[in-house]
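Numbering (the numbering used here), first residue to last: 304 to 573.
We put the CB at the ideal spot given by N, CA and C, even for glycine.
Reviewing the structure listed below.
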Amino acid sequence: MKHSEIIHCPKCKGNLSSIDSQGSSGESGSYFCQTCGIKYPVIDSVVEFLPGGMVTKGLGQKLMESPRMVSIYESKWWRGCKQFSWFMGLTLDEEIELIKRITYPGEKDTVLDLACGTGIYARAFAQGSPGRNVFGLDISWPMLQYAADKARSMGIDNVRFLHGDAHSLPFADESLDVANCCGALHLFSDVRRVLGELYRTIKPGGRFSVAAAWKSDNLWGRIKAYSDEKFWKIHYFRKDELSSLLDEAGFTPTIYHAYGIWMVAGGVRR
């Protein structure tokens with residue numbers, strides 16, 4: 304299936320036409336909405352669905368959008384450090400394998416890595432499965448530039464990165480087989496709206512995986528959740544809270560992991 308048959312205009316949900324053209328400022332083509340006429344350029348291999356950007360709500364999200372964070376995100380100073388596995392109860396590699404087991408994408412499935420950041424999970428979905436159609440969407444332009452460059456340097460050509468808003472996904476109804484969102488659900492301003500968009504775009508029987516901040520019952524967990532919500536605007540979910548949100552959105556939920564400050568869950572779209 305062509306990209307233009309899967310990604311739709313986030314404004315009016317109209318069909319898009321792909322236009323190959325070399326423009327200024329790194330533009331290498333564009334998508335044109337057949338309904339409302341909006342043009343979405345492809346810049347440095349990233350489709351620009353947010354030309355005006357978005358107002359960032361909290362310090363946690365602002366941190367994720369900073370160029371400095373991009374430079375260390377996959378290093379031993381952030382996601383690759385041992386402290387993360389101590390606080391989360393699993394290493395990054397173990398989390399990736401768990402996500403794959405939850406979603407078990409087929410070789411020709413269409414997969415969305417929502418809030419993809421530097422593309423860690425998008426690359427994991429795409430690598431070694433050339434027939435799989437993978438999309439990575441994020442609000443951070445510096446993260447997406449890194450993700451596109453990294454995928455290109457690794458010879459991964461079945462992933463397309465999109466600069467967009469999780470609250471208004473640029474995808475056709477029931478066009479996705481699998482969606483994943485790791486490390487971002489706790490940053491969204493309207494979680495119900497995001498889950499509603501995922502329900503709209505995932506096919507019946509499709510799988511969704513999520514890793515997010517977990518509010519444990521112990522004293523340290525409660526203090527950590529309280530301080531991070533106040534300062535960083537990071538929302539820590541309880542198990543029953545996340546399960547209820549997934550169920551309310553139309554997914555049959557399962558909690559697979561909850562340790563320290565981290566929870567991994569999945570849902571099957573009803």
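Classify residue i as helix, strand or coil using the three-state DSSP reduction.
i: N562; result: Sequence check: residue 562 is Tyr here, not Asn. Y562: strand per DSSP, three-state reduction.
i: Y539; result: coil
i: A418; result: coil
i: K533; result: helix
i: I459; result: coil
i: P344; result: strand
i: G499; result: helix
i: L488; result: helix
i: I442; result: coil
i: F352; result: coil
i: R572; result: strand
i: S307; result: helix
Under DSSP, the beta strand (DSSP E) around residue i begins and ends at which residues?
i: A514; result: 505–516
i: Y334; result: 330–336
With a 10 Å radius around its C-beta and 16 neighbouring C-beta atoms as the bar for buried, classify residue i as buried or exposed.
i: F390; result: exposed
i: F464; result: buried
i: S519; result: buried
i: Q386; result: exposed
i: K305; result: exposed
i: Y529; result: exposed
i: E500; result: buried
Which same chain residues end up closer than 6 Å to residue i when comparing Cβ atoms and leaving out the 5 residues on each side of it in sequence?
i: A425; result: D416, C419, V437, G439, V462
How about residue i and residue j: are their beta carbons less than 8 Å apart?
i: D334; j: S374; result: Residue identity check: residue 334 is Tyr in the sequence provided, not Asp. No, these two residues do not count as a Cβ contact at 8 Å.
i: E410; j: A514; result: no
i: D480; j: V571; result: no
i: E330; j: V345; result: yes
i: L353; j: G467; result: yes
Taking 7 Å as the cut-off, is the CB of residue i close to at least one heavy atom of the ligand SAM?
i: D323; result: Absence of the ligand SAM from the depicted structure is noted, as is the absence of any ligand whatsoever, leaving it without description.
Could you give the first and the last residue of the continuous alpha helix (DSSP H) run that contains residue i?
i: S374; result: 370–375
For residue i, collect the residues of the same chain with a Cβ closer than 8 Å to its Cβ; drop the 5 residues on either side in sequence, then sort them by chain order.
i: E532; result: H538, Y539
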